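For the record, the sequence lines run as chains D and G. When we follow the working numbering, the leftmost residue of the first sequence carries the number 1, and every step to the right adds one. When we follow the working numbering, the leftmost residue of the second sequence carries the number 1001, and every step to the right adds one. For every residue, glycine included, the Cβ atom is placed at its ideal position computed from N, Cα and C. Because the structure is a prediction, the values reported are computed rather than measured. First comes the structure, then the notes that go with it.
Protein chains: 2
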Amino acid sequence: MAKMATQTEGQTRSAFPHRHHNHQRCVDQALGKALSLCEERGARLTSLRRRVLELVWRSHEPVGAYDILEQLQRDGHRAAPPTVYRALEFLRDQGLVHRIESLNAFVGCPYPDESHVSQFLICTACSEVAEIDGTKIRAAASRNAAAAGFAIDRLTIELRGLCARCNAHDQGSSEPHDHAR
Amino acid sequence: MAKMATQTEGQTRSAFPHRHHNHQRCVDQALGKALSLCEERGARLTSLRRRVLELVWRSHEPVGAYDILEQLQRDGHRAAPPTVYRALEFLRDQGLVHRIESLNAFVGCPYPDESHVSQFLICTACSEVAEIDGTKIRAAASRNAAAAGFAIDRLTIELRGLCARCNAHDQGSSEPHDHAR
DNA sequence: TCCCCACTTGATACATTATAACGTTTCTTC
DNA sequence: GAAGAAACGTTATAATGTATCAAGTGGGGA
Ligand SMILES: [Zn+2]
Ligand SMILES: [Zn+2]
Ligand SMILES: [Zn+2]
Ligand SMILES: [Zn+2]
């Protein structure tokens, strides 16, 4: 199992991206990886699917299917719920997008080209989600599950709490901080 | 943090209950604990809430809010969605019921009187769910999260796969097994 | 070239899950 | 018993997700 990258070229990657990071770079990188992965696999990254992937990557906050739908419609696209859900299904199958179960929402995967175990950190203050490596958790889960004779297919690991930034603000003052939307 | 019990009086407790276990005992025990806990806390376990708890405990499969609603209505109760959701909110606040995020469904907690970290094993063949102790997972999760400066509030740990029983059946033959509904 | 076939998308309708808002009843406390 | 809080009933609506069938698209192969 490949180890998840902790850097992207020139830009240090902590779990949560910097507040003023160059997000266009995140988007470009995600689309670039998607393109080459789909090519490699013979999967058809159509313009619609590509557009949905872009919309999922508009930020590091999970996005609802109906938000995506609304954006598509603003683009002038004749879209209905199945349009979005089908595109999301494709993207999930390709490992380009994850679903956050506890939010009924979707987020882009920064590591689609690496086999990995997802662990999501969900900040309840700023709504951003970071995906980190959950290999150790999988090991612990496997031990527990094996003791019960349970054969694991898939894991859902989602943590709610405060990201470092929001946590610092909360302790420093009771003022609301502005990076929340 | 208390260690989760692995036995109930006279009845060995593996993660998944035995196929022909005395489920009435599960129900009685759950209701008994609920009663004493609520008493102790000054929380009002009204007849409606108690009835909803019973319905959640009808089996070891997670139950949807609208299934509960339907049952209440069959009982002759004038109920609407908020009736059920409010009761479930109370029961969750008291730790008597958990929500399985990946299923949008609810399951009774066997350990409401013990502080614990829930890890759910969800069998995709028979739909039963077992709750086991996730303390070790919490430790792994905490280490990961701490490295990111993330302050954990709550964990969601849900595993999909096959319980020991269903796994054995799958390997022994390709016949469908009858404990699935 | 043209047809066939698989895949993708459009379009309509519907199913499932959850909450907002407001009035009424019930319980507790004084 | 009156006042206030909590629980519940009731109606309406929001939010999320699917089933179904028709129409478009794009490559191989006759
Ligand atoms: Zn970014
Ligand atoms: Zn934050
Ligand atoms: Zn039982
Ligand atoms: Zn099973």
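Contact check between the segment 124 to 139 of chain D and the segment 1106 to 1116 of chain G: fewer than three CB pairs, one atom from each, fall below 8 Å, which does not count as touching. Residue contact check for F1106 (chain G) against chain D: no CB pair falls below 8 Å. Here A147 (chain D) is exposed. Its C-beta has fewer than 16 other C-beta atoms within 10 Å. Per DSSP, C1166 (chain G) has no beta-bridge partner at all. Comparing alpha carbon positions, the residue from D:H98, D:R19, D:L69 and D:K136 closest to P81 (chain D) is D:L69. About 17 Å separates the beta carbons of A140 (chain D) and I1122 (chain G), which is beyond the 8 Å limit, so they are not a contact pair. Taking a C-beta distance under 8 Å as the contact criterion, V27 (chain D) and E61 (chain D) do not qualify as a contact pair. With respect to the 8 Å criterion, A87 (chain D) and L35 (chain D) are not classified as neighbours on the basis of their beta carbons. Sequence-distant partners of L1103 (chain G) (beyond 5 residues in either direction) whose C-beta falls short of 6 Å from its own C-beta, in its chain, are P1062. E131 (chain D) sits in a strand when the DSSP states are folded into three classes. DSSP lists D:I152 and G:C1123 as the beta-bridge partner residues of G1161 (chain G). DSSP, reduced to helix, strand and coil, places S1118 (chain G) within a strand of the structure shown. Note on G1108 (chain G): 16 or more other CB atoms within 10 angstroms of its CB, so buried under the neighbour-count rule. Assignment of H1023 (chain G) by DSSP, reduced to helix, strand and coil, places it in the helix class. With a contact defined as Cβ atoms closer than 8 Å, R1165 (chain G) and F1016 (chain G) qualify at about 7 Å. Near ligand 3, meaning a Cβ closer than 6 Å to any of its heavy atoms, lie the following residues in chain order: G:P1017, G:H1021, G:H1023, G:C1026 and G:H1060. Contact between L1072 (chain G) and V1084 (chain G) is confirmed by a C-beta separation of about 7 Å, below the 8 Å threshold. When distances are taken from the beta-carbon of A1125 (chain G) to the heavy atoms of ligand 2, even the shortest one reaches 7 Å or more.
Taking non-hydrogen atoms of ligand 4 into account, the C-beta of E1128 (chain G) is found less than 7 Å away from one of them. In terms of beta-carbon proximity, L31 (chain D) stays away from the interface with chain G, with every pair separated by 8 Å or more. With its beta carbon at least 8 Å from every one in chain D, C1126 (chain G) lies outside the interface. For L1037 (chain G), the closest alpha carbon among the candidates G:H1169, G:L1091, G:Q1119 and G:E1158 is that of G:L1091. Per DSSP, the beta bridge partners of G1108 (chain G) are G:V1097. Nearest C-alpha to G1149 (chain G) among D:H77, D:R74 and D:H169: D:H169.
Annotation for A30 (chain D): W57 and G108 place their beta carbon closer than 6 Å to its own, counting only its chain and skipping 5 residues before and after. Taking a beta-carbon distance threshold of 8 Å, S1102 (chain G) counts as an interface residue toward chain D. Taking a beta-carbon distance threshold of 8 Å, D1067 (chain G) does not count as an interface residue toward chain D. Ranked by Cα distance from N22 (chain D), the options D:G42, D:S59 and D:R44 are led by D:S59. The C-beta of L88 (chain D) comes no closer than 8 Å to any C-beta of chain G. About 33 Å separates the beta carbons of T156 (chain D) and E1040 (chain G), which is beyond the 8 Å limit, so they are not a contact pair.
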